[in-house]
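Under numbering that gives the first Met the number 0, the first residue of the sequence shown is numbered 0, with each subsequent residue one higher.
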Amino acid sequence: MGEIQRPGALYQQVAAEIRSGIAAGEYEPGAPLPSEAQLIERYQVSRPTVRKAIAALRAEGLIEVIHGKGSYVRALPAPAVTIERTITRTGKTFHTGHHTWKQAEAPTVYRTITTATTGPLLGLDEGEALFGVDRLLTDPATGTRALHRVLIPFATAADKAEQLGEAPDTEPEQIYSILTAAGHRLTWHETVSARMPLPDERITLDIPDATPILHTARVTHGTDDRSLILEELRASADRAQLAYRIISDRSSMARAVSG
Numbered sequence: 000m001g002e003i004q005r006p007g008a009l010y011q012q013v014a015a016e017i018r019s020g021i022a023a024g025e026y027e028p029g030a031p032l033p034s035e036a037q038l039i040e041r042y043q044v045s046r047p048t049v050r051k052a053i054a055a056l057r058a059e060g061l062i063e064v065i066h067g068k069g070s071y072v073r074a075l076p077a078p079a080v081t082i083e084r085t086i087t088r089t090g091k092t093f094h095t096g097h098h099t100w101k102q103a104e105a106p107t108v109y110r111t112i113t114t115a116t117t118g119p120l121l122g123l124d125e126g127e128a129l130f131g132v133d134r135l136l137t138d139p140a141t142g143t144r145a146l147h148r149v150l151i152p153f154a155t156a157a158d159k160a161e162q163l164g165e166a167p168d169t170e171p172e173q174i175y176s177i178l179t180a181a182g183h184r185l186t187w188h189e190t191v192s193a194r195m196p197l198p199d200e201r202i203t204l205d206i207p208d209a210t211p212i213l214h215t216a217r218v219t220h221g222t223d224d225r226s227l228i229l230e231e232l233r234a235s236a237d238r239a240q241l242a243y244r245i246i247s248d249r250s251s252m253a254r255a256v257s258g
């Protein structure tokens, strides 16, 4: 690689050349990039151009800048923990993949309303009343953090599940048992997305710069496919991965979780 000659902003061209070098293995994970002076000489561009290129690559998560040392290709280790998302049941007891995680602090219980995002998931109009419960969880083995939220419509708590209105911070596994005892035949639907963290999420989950979070939204459905509760789980994508057990026979799955 030599002097930049392609069209486009110079810093983007420099970033593209370095990115190609990383992809080709010229710069291995953990290896330092050439110094600013070397990059200036190599591509015949100004110092501000090199700095903008480095900033762009840092924003992409390809490199990290260590103060006083320089820029390094970011190592992307395998996630520290696998979160099993399959729900199992033994007798009247339910188990989820993070039931062994510890609560870092007491749950936060509050009242809220459905939004343009949560309303459709729960089959409710925007502005419907909900109980909300937020938990900060940690994996004892790795220290990985996750944010867990449960949203319980007032209608669910009032329909043969009064315990949820009295104690919204009931553990999710116990909520499933309460709903089953109330006569519901439970099934679940879950979506997974990735996005950049909000500032408070980045701090709470201790997420490195330019690292996305995994965001799951799990809806528990009852009899007649009615949406009963919504759970959200957020974890750093570089620390956690999700695993699912796939069952081909839906009727068998439904029988396994029915009352």
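By construction, the Cβ of each residue, glycine as well, lies at the ideal position given by its N, Cα and C atoms. As the structure is a computational prediction, the values presented were derived from the model and not from experiment.
Here the region 111–118 makes no contact with the region 44–58; the two share fewer than three CB pairs at distances below 8 Å.
Annotated as proximal: ARG144 and THR137, with beta-carbon spacing under 8 Å. Rounded to whole angstroms, the Cβ separation of THR210 and GLY60 is 6 Å, and the two are in contact under 8 Å.
Nearest to GLY221 by C-alpha distance, out of LEU146, HIS188, LEU213 and VAL64, is HIS188. Residue environment analysis places ASP237 among the buried positions, since at least 16 neighbouring C-beta atoms fall within 10 angstroms of its C-beta. Residue pairing by DSSP places LEU9 opposite no residue, since no beta bridge is assigned to it. Counting other Cβ atoms within 10 Å of its Cβ, ILE245 stays below 16 and is therefore classed as exposed. Where GLY164 is concerned, the enclosing alpha helix (DSSP H) starts and stops at 161–165.
Judged by beta-carbon spacing, GLU230 lies within the 8 Å limit of ARG148, meaning their Cβ atoms are closer than that value. According to the DSSP assignment, VAL191 belongs to the beta strand (DSSP E) that extends over 186–194.
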